[in-house]
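Data block below; observations after.
Numbering (this note's numbering), first residue to last: 18 to 273.
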């Protein structure tokens, strides 16, 4: 992509400057040491000189390269991206002005990871002891809580990566300009996700009834943790496969 090309050019230029700096440093050191110690100092190019040159190449390549990219290309490229697409964090809608390869820097395919809760049944545990007819301790309840773990769903979402903050947010819809609507409607892979002027990256399958009922019952009983977990599972059927998400991204990043 263009952004990677700009970065590569800047880092290579920085490394080139580092090479010159390293060689100049070696020559200067040898000249100073030779003038001070005469023939005692060996002015040949040895292992220490190589290490110094490589160090300058790496350090200058990273520092100068990154600085040059930020100065000459970084801000300009980010502004170009922001003109092509604008993300609304409240509605989670991405509005684009055209299809472009640069959108691959903004749109990513991510697997949906959800929080899975499992209920631990309460059990009565006896912790007392009887010694010489005298009983100490008693009973207490263990369990009655939830174990929480992150689980892979096997389904995927499109996410927007902000070019400045680098934060990622779920895309609930991609708003198209008028000129792209007919093109989207004519593509059999994309048309099934088209709703008016919006690509909605979700399946038209209805929410899983069993988990939807569990979510409602959990809310009614005040068990908000279980309600949250059940609601996540209820929505999994509406998510897309990795290939389906990738086909939407590819269509958006093509210019034909």
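Backbone N, C-alpha and C fix where the C-beta goes; we use that ideal spot for every residue, glycine too.
With 16 other Cβ atoms within 10 Å as the buried cut-off, status of residue 260: exposed
Per DSSP, the bridge partner or partners of residue 250: Answer is none; residue 250 lacks a bridge partner.
N- and C-terminal bounds of the alpha helix (DSSP H) containing residue 205: 205-208
Candidates 118, 244 and 187, of which the one nearest residue 128 by Cα: 187
Straight-line Cα distance separating residue 100 from residue 210: 24 angstroms
Residue range of the beta strand (DSSP E) that includes residue 185: 185-187
Where the beta strand (DSSP E) through residue 110 begins and ends: 110-113
Coarse secondary structure for residue 233, derived from DSSP in three states: helix
Cα-Cα separation between residue 124 and residue 213, rounded to whole angstroms: 21 angstroms
Sequence-distant residues of its chain with Cβ nearer than 7 angstroms to residue 57 (five each side left out): Residue confidence for residue 57 is low, a pLDDT of 49 falling below 50, so the modelled location carries little weight; the figure read from the coordinates is stated next. Cβ neighbours of residue 57 beyond the five flanking positions: none.
Member of 66, 183, 22 and 116 whose CA lies at the smallest distance from the CA of residue 37: 66
Sub-8 angstroms separation of residue 190 and residue 110 beta-carbons: yes
Cβ neighbour criterion (16 or more within 10 Å) applied to residue 185: exposed
Expected contact under 8 angstroms - CB spacing of residue 35 and residue 76 to nearest Å: 6 angstroms
Classification of residue 204 by the beta-carbon crowding that lies within 10 angstroms, buried from 16 upward: exposed
Buried or exposed by the 16-neighbour rule on C-beta atoms within 10 Å, applied to residue 22: exposed
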